[in-house]
Amino acid sequence: MRAKILVSACLMGHAVRYDGQAKPLVHPALDRWRQEGRLVTICPEMSAGMPVPRLPAEIEPGKSATDILLGVGHVRESSGGDVTDAFVQAARNALALALETGCAYALLIDGSPSCGSGFVYDGSFSGRRQSGEGVTAALLKANGIQVFSDRQIEELMVAAGS
Ligand code: SF4
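The numbering used here numbers the first residue of the sequence shown as 45 and each following residue consecutively.
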């Protein structure tokens, strides 16, 4: 049986983003993988008990997702609230689900402090992007799961053999 693909719930049309919106990705490969039962959908943040809507959150300036996982940085809401523990739990939940269900790949939306894999925001809540990854993406990668952003579905198709 071919390996499964963990996928961000908001990409699958679930309205789970901090602003109460979805960000659906339309692609024939996604339809096919769904029909084949290869997709495992999760919103890591909701799995850790975060509400919808919720305040936007960013990894604090100068820190990386790896720092967060090592306990030497924080994820903060726009109000300044510390949501580090919830983001780490979200990542652990996603990894546990991926391992339980046999996911070798993940297709995650870019830019999120959880799911981002190419860029994240710089922690100033000013809309400035920087290269980097979210906490969930970093933990998945560290455990051997190949992570692709929503802009890399063609690469995922090659890797996943479809
Ligand atoms: Fe989407 Fe991931 Fe944010 Fe959930 S945590 S809303 S799946 S980007």
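Ideal Cβ placement from N, Cα and C applies to all residues, glycine included.
These figures come from a predicted structure and were not determined experimentally.
- [ ] Give the straight-line distance between the Cα atoms of M90 and S156, rounded to the nearest whole angstrom.
- [x] In the sequence shown, the residue the question calls residue 90 occupies position 46. In the sequence shown, the residue the question calls residue 156 occupies position 112. Each residue's Cα considered, the two are about 13 Å apart.
Open item on the list: If contact is defined by three or more beta carbon pairs under 8 Å, each pair taking one atom from either stretch, is the segment 119 to 137 in contact with the segment 73 to 80?
Closed with: no
Open item on the list: Let me check you understand the geometry: is the CB of P68 closer than 7 Å to at least one non-hydrogen atom of the ligand SF4?
Closed with: Residue 68 sits at position 24 when you count from the first residue of the sequence shown. The answer is no for P68.
TODO: Determine the contact status of D154 and D194, defining contact as a CB-CB distance below 8 Å.
DONE: Looking up residue 154 in the sequence shown gives position 110. Looking up residue 194 in the sequence shown gives position 150. Yes; because the gap between Cβ atoms is below 8 Å, this pair is in contact.
Task: Contact the segment 133 to 152 vs the segment 167 to 174: 3+ CB pairs below 8 Å - done: no
- [ ] State the Cα-Cα distance for the pair A28 and E104, rounded to the nearest angstrom.
- [x] The structure shown does not extend to residue 28, since the chain is modelled only from 45 through 206, so no value can be given for it.
Task: Contact under 8 Å by Cβ, V96 with G64 - done: Your numbering for residue 96 matches position 52 in the sequence shown. Your numbering for residue 64 matches position 20 in the sequence shown. Cβ atoms of V96 and G64: closer than 8 Å.
Open item on the list: At a threshold of 7 Å, does P88 count as lining the ligand SF4 (C-beta to nearest heavy atom)?
Closed with: Against the sequence shown, residue 88 aligns to sequence position 44. Yes.
- [ ] At 3 residues or longer, and completely inside the segment 129 to 206: list those beta strand (DSSP E) runs for me, N to C.
- [x] 147 to 152, 163 to 165, 173 to 175 and 190 to 193
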